[in-house]
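*Asks:* Just so you know, we're using our numbering here: the sequence shown kicks off at 12 and counts up by one.
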Amino acid sequence: MLAAERRDYLVRRLAADGKIIAKDLAIELGLSEDSVRRDLRELAAAGLCQRVYGGALPASPAVADYAARASVEPQSKQRIAAYAAGFIQPGDTTILDGGTTALALARALPLDLHCTVITHSPTIAIALLQHTAIDVYLLGGRLFKHSAVTCGAAAVEAAQRISADTFFLGVTAVHPVHGLTTGDAEEAAMKRALAERAVETFVLASVEKIGAASRYEVLPFTAITGLITDAPASDTTRALMDRNVQLLQVP
Numbered sequence: 012m013l014a015a016e017r018r019d020y021l022v023r024r025l026a027a028d029g030k031i032i033a034k035d036l037a038i039e040l041g042l043s044e045d046s047v048r049r050d051l052r053e054l055a056a057a058g059l060c061q062r063v064y065g066g067a068l069p070a071s072p073a074v075a076d077y078a079a080r081a082s083v084e085p086q087s088k089q090r091i092a093a094y095a096a097g098f099i100q101p102g103d104t105t106i107l108d109g110g111t112t113a114l115a116l117a118r119a120l121p122l123d124l125h126c127t128v129i130t131h132s133p134t135i136a137i138a139l140l141q142h143t144a145i146d147v148y149l150l151g152g153r154l155f156k157h158s159a160v161t162c163g164a165a166a167v168e169a170a171q172r173i174s175a176d177t178f179f180l181g182v183t184a185v186h187p188v189h190g191l192t193t194g195d196a197e198e199a200a201m202k203r204a205l206a207e208r209a210v211e212t213f214v215l216a217s218v219e220k221i222g223a224a225s226r227y228e229v230l231p232f233t234a235i236t237g238l239i240t241d242a243p244a245s246d247t248t249r250a251l252m253d254r255n256v257q258l259l260q261v262p
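Structure representation (structure tokens):
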């Protein structure tokens, strides 16, 4: 099997099985583990997988640039947003993370809802301009253009001065073993800082994020109140429930 054929085979196996275990695949193909790991490194460099200890997992499409992510599973994000909007009650103070699902949530809020929204996303702040009954607080800091959010030391310091009833957290991937992850270390740190300031944290997880992995851990499952998703029942969702993750399934 040529190297290119082998890599194509790895991509197909990853799509079919949801994971690759380097040791097992090396035995199956009669190769050294080093050869399989080298192939996985090349696939990861091309954005076709996420390397993890012992093998690889599907790479989340949510690590693409902001404009590209807007076209990924838009209906899933809208369903999750409509459901999550019901968790925000009049008089609440809520933190909205950045990202396209959180943006859908901002747009799903009733125009006459009286509440306070704190965000580090300029796009979410702008989306709430027409919601005249919502007080909006925008946290400053360095703009991370990939996700259109502020992060870095100044943003984390600003986050430490707020408090909220709820935080709606966006991640790029959710995996029962590798947890809640995202593609940038500073963005992950900002998400943790925001979660520390809310009584309850809910993860917004559109269907393409379930079973995938990214490079940087955001939070352990024990730090969240629930995971809002419309992903169908699968081995992955059952494994999440085995980890005592409260799945809030969108009707």
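Where a beta carbon is used, it is the ideal one built from N, C-alpha and C, also for glycine. All values reported here derive from a predicted model rather than from experimental measurement.
#1: Give me the residue from Ala-159, Phe-155, Ser-87, Val-210 with the minimum Cα distance to Val-218.
#2: In whole angstroms, what is the alpha-carbon distance linking Arg-226 and Gly-194?
#3: Taking only runs that begin and end inside the segment 110 to 156, name each unbroken beta strand (DSSP E) of 3 or more residues, in chain order.
#4: Helix, strand or coil, according to DSSP, for Tyr-227 in the structure here?
#5: Who does Arg-62 pair with in a DSSP beta bridge?
#6: Look up Gln-260 in the DSSP assignment and say whether it is helix, strand or coil.
#7: Please report the straight-line C-alpha distance between Cys-60 and Leu-68, rounded to a whole angstrom.
#8: How about Ala-204 and Ile-239: are their beta carbons less than 8 Å apart?
#9: Nearest to Lys-231 by alpha carbon, out of Arg-208, Ser-71, Asn-255?
#10: Taking 6 Å as the limit between beta carbons, can you name the residues of its chain near Glu-184, skipping five residues before and five after?
#11: Quick one: grab the DSSP three-state call for Leu-42.
*Replies:* Here's the rundown:
#1: Ranking Ala-159, Phe-155, Ser-87, Val-210 by Cα distance to Val-218 puts Ser-87 first.
#2: Rounded to the nearest angstrom, the gap between the Cα atoms of Arg-226 and Gly-194 is 5 Å.
#3: Within the segment 110 to 156, the complete beta strand (DSSP E) runs of at least 3 residues are 126 to 130, 145 to 149, 153 to 155.
#4: Strand.
#5: The secondary-structure analysis by DSSP pairs Arg-62 across a beta bridge with Ala-67.
#6: Gln-260: strand per DSSP, three-state reduction.
#7: The C-alpha of Leu-68 is placed about 6 Å away from the C-alpha of Cys-60.
#8: No, the pair does not count as a contact, with Cβ atoms beyond the cut-off.
#9: For clarity, residue 231 is Pro in the given sequence; the question names Lys instead. When Arg-208, Ser-71, Asn-255 are compared, the shortest CA-CA separation from Pro-231 is found for Asn-255.
#10: In the sequence under discussion, the amino acid at residue 184 is Ala, which differs from the Glu named in the question. Correct list, in chain order: Ser-71, Thr-192, Lys-220, Ala-223, Ala-224, Ser-225.
#11: Coil.
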